[in-house]
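Residue numbers (the working numbering), protein chains in the order written: chain L, 1 to 246; chain Y, 1 to 302.
In this text, a Cβ means the ideal position worked out from N, Cα and C, and glycines have one as well.
Please read these numbers as outputs of a predicted model, since none were measured by experiment.
Data block below; observations after.
Okay, here's the thing in structure tokens:
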């Protein structure tokens, strides 16, 4: 427990954490405002659900902050002090994964709360019937939370495996923005269909949903596949962390 | 069964690819003593200390704290305080917050953080980012972090590195104070003279192997034991030392050069009730022993 409190204090007292948080909330606020502001035509259940899932646009932030919880330590050499306090590498890995999960949850909660704080009064002013009691609010809230938690853990596992801050950040961004689509396209071109949806970005996308889309996994399967990726990468991190800290 | 020594290195060997950094090294540090761990740059000091702290996995042998590997200690930082050679601070974090992260992780109250900031003279800089600290301030912050858990054992890797003469003097007095509280200290340096006035014992390594482990006085005696002594009763002192068959020669600045270890000179003077104003091992002779033992491959003392 006190190790988690120390991890929280470490994050709070670094600049990066606040930058990621503010950027993510800024993007969420912009996107929600843009959606409502430009909202012409019918406002139905589907668009209400989409609006509530706006925080998913900021998915890269839990991913990056997750990796930073680990790579920051290697970047600045604080890993030495951390290992003196938590000398068992396995315990450290578990600690970082849990920390990342909690940060993911925090980011999700804040982004979702901000979405509601903007959407509810604004839509209310437009005489649209939306309320906190809506089951879709709870559903989408859980989806965002689950996605962010898994993405943050994914980031932490990659950070532990690569140890390099730049390497992990660039690797994650390039994979999420470019490489996976290329790999997916290649697999399709090779007629190996159905495999691409098990890749991490597709699995993460499936959590947010697109139930009509037959190409995608179901929400539950997407979460499980992403969790499996976290597990596999955590395994790589466990081996990588055994290395000497010199 | 006898209590295990606070620090024990047993046949420790560490190979990094083709480099044999530590080669079958063994020595133990006795309770309540300051041991200098000295060797030229690249002799394997840092690797040995990092193996002791569980940061580096030995290729062979073991390094133990109170008879156990560091990783198996309960609440390690309450037992062993450490200052690592490389920086372990996030530059954007304030000195106070750095100590708080360590204290929080170890369940140490915040009041202790303030106590230590005072102790190492950093209270006024506590709010500043560590990135803006001088080297001396960082070393002091490192010492504060090492002392948070009030450990009985301290492992300090080159704590004098980069310090100015005033900083080195501060460190020397600080370490002496800690030793007087009964703590066991293992402190490394590549300059023997820097430690000679501070430590009780010296373990010297070169090319990963132990070349000497003895009380400082014994080492000086081995090289002819040059001691520098100054007394208002110089005549009486010369007579007393000569009476013991010890050679004495004036050093020109009013001090005497004595070919005996400091302890011996002090004892002789005390027996005759002679007042001493200065008594210390001649640093230049210590450096000669060091060079001789380490094969002349030593760093130049500052």
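Proximity test, Cβ basis, 7 Å: residue i and chain L
| i | result |
| --- | --- |
| residue 309 (chain Y) | Any property of residue 309 (chain Y) remains undetermined from this structure, which presents chain Y solely from 1 to 302. |
| residue 299 (chain Y) | Only weak support exists for where residue 299 (chain Y) lies, its pLDDT of 42 falling under 50; the coordinates are left without a value. |
| residue 12 (chain Y) | no |
| residue 113 (chain Y) | no |
| residue 133 (chain Y) | no |
| residue 214 (chain Y) | no |
| residue 205 (chain Y) | no |
| residue 17 (chain Y) | no |
| residue 93 (chain Y) | yes |
| residue 84 (chain Y) | yes |
| residue 26 (chain Y) | no |
| residue 188 (chain Y) | no |
| residue 231 (chain Y) | no |
| residue 302 (chain Y) | Caution is warranted here: a pLDDT of 32 is assigned to residue 302 (chain Y), below 50, making its placement in the model unreliable, and no coordinate value can be reported. |
| residue 124 (chain Y) | no |
| residue 87 (chain Y) | yes |
CB contact below 7 Å: residue i versus chain Y
| i | result |
| --- | --- |
| residue 244 (chain L) | yes |
| residue 15 (chain L) | yes |
| residue 11 (chain L) | no |
| residue 49 (chain L) | no |
| residue 6 (chain L) | yes |
| residue 163 (chain L) | no |
| residue 3 (chain L) | yes |
Candidates the options, of which the one nearest residue i by Cα
| i | options | result |
| --- | --- | --- |
| residue 123 (chain L) | L:234, L:111, L:238 and L:38 | L:38 |
| residue 240 (chain Y) | Y:264, Y:88, Y:252 and Y:251 | Y:264 |
| residue 198 (chain L) | L:189, L:183 and L:190 | L:183 |
| residue 181 (chain Y) | Y:205, Y:260, Y:151 and Y:292 | Y:151 |
| residue 232 (chain Y) | Y:277, Y:219, Y:247 and Y:2 | Y:277 |
| residue 104 (chain L) | L:77, L:17, L:233 and L:193 | L:17 |
| residue 41 (chain Y) | Y:52, Y:90, Y:73 and Y:22 | Y:22 |
| residue 4 (chain Y) | Y:67, Y:28, Y:170 and Y:56 | Y:67 |
| residue 219 (chain Y) | Y:19, Y:86 and Y:281 | Y:281 |
| residue 130 (chain Y) | Y:291, Y:155 and Y:92 | Y:92 |
| residue 208 (chain L) | L:143, L:116, L:215 and L:127 | L:143 |
| residue 243 (chain Y) | Y:257, Y:272, Y:255 and Y:155 | Y:272 |
Beta-carbon spacing of residue i, residue j below 7 Å
| i | j | result |
| --- | --- | --- |
| residue 83 (chain Y) | residue 159 (chain Y) | yes |
| residue 199 (chain Y) | residue 34 (chain Y) | yes |
| residue 2 (chain L) | residue 241 (chain L) | no |
| residue 112 (chain L) | residue 141 (chain L) | yes |
| residue 61 (chain L) | residue 20 (chain L) | yes |
| residue 9 (chain L) | residue 101 (chain Y) | yes |
| residue 25 (chain L) | residue 114 (chain L) | yes |
| residue 246 (chain Y) | residue 260 (chain Y) | yes |
| residue 229 (chain Y) | residue 279 (chain Y) | yes |
| residue 187 (chain L) | residue 174 (chain L) | no |
| residue 293 (chain Y) | residue 205 (chain Y) | no |
| residue 59 (chain L) | residue 151 (chain L) | yes |
| residue 234 (chain L) | residue 157 (chain L) | yes |
| residue 224 (chain L) | residue 119 (chain L) | no |
Cβ-Cβ separation, residue j to residue i (assumed contact under 8 Å), whole Å
| i | j | result |
| --- | --- | --- |
| residue 81 (chain Y) | residue 10 (chain Y) | So it is not a contact: roughly 22 Å between Cβ atoms. |
| residue 106 (chain Y) | residue 149 (chain Y) | 6 Å |
| residue 274 (chain Y) | residue 237 (chain Y) | 5 Å |
| residue 139 (chain Y) | residue 172 (chain Y) | Actually they are not in contact, since the Cβ atoms of residue 139 (chain Y) and residue 172 (chain Y) sit about 13 Å apart, beyond 8 Å. |
| residue 145 (chain L) | residue 109 (chain L) | 7 Å |
| residue 188 (chain Y) | residue 49 (chain Y) | 6 Å |
| residue 58 (chain Y) | residue 29 (chain Y) | Residue 58 (chain Y) to residue 29 (chain Y), Cβ: 17 Å. No contact. |
| residue 52 (chain Y) | residue 208 (chain Y) | The Cβ separation is near 15 Å, so there is no contact. |
Where the segment 74 to 98 of chain L meets chain Y: residues whose CB sits under 7 Å from a CB there: 76, 77, 78, 80, 81, 83, 84, 85, 87 and 88
Interface residues of the segment 48 to 80 of chain Y facing chain L [CB-CB below 7 Å]: 50, 53, 54, 55, 56, 57, 70, 71, 76 and 77
Residues, ordered as in the chain, of the segment 97 to 108 of chain Y that lie near chain L by beta-carbon distance below 7 Å: 97, 100, 101, 102, 104, 105, 106 and 107
Within 7 Å of chain Y by C-beta, residues of the segment 171 to 192 of chain L in sequence order: none
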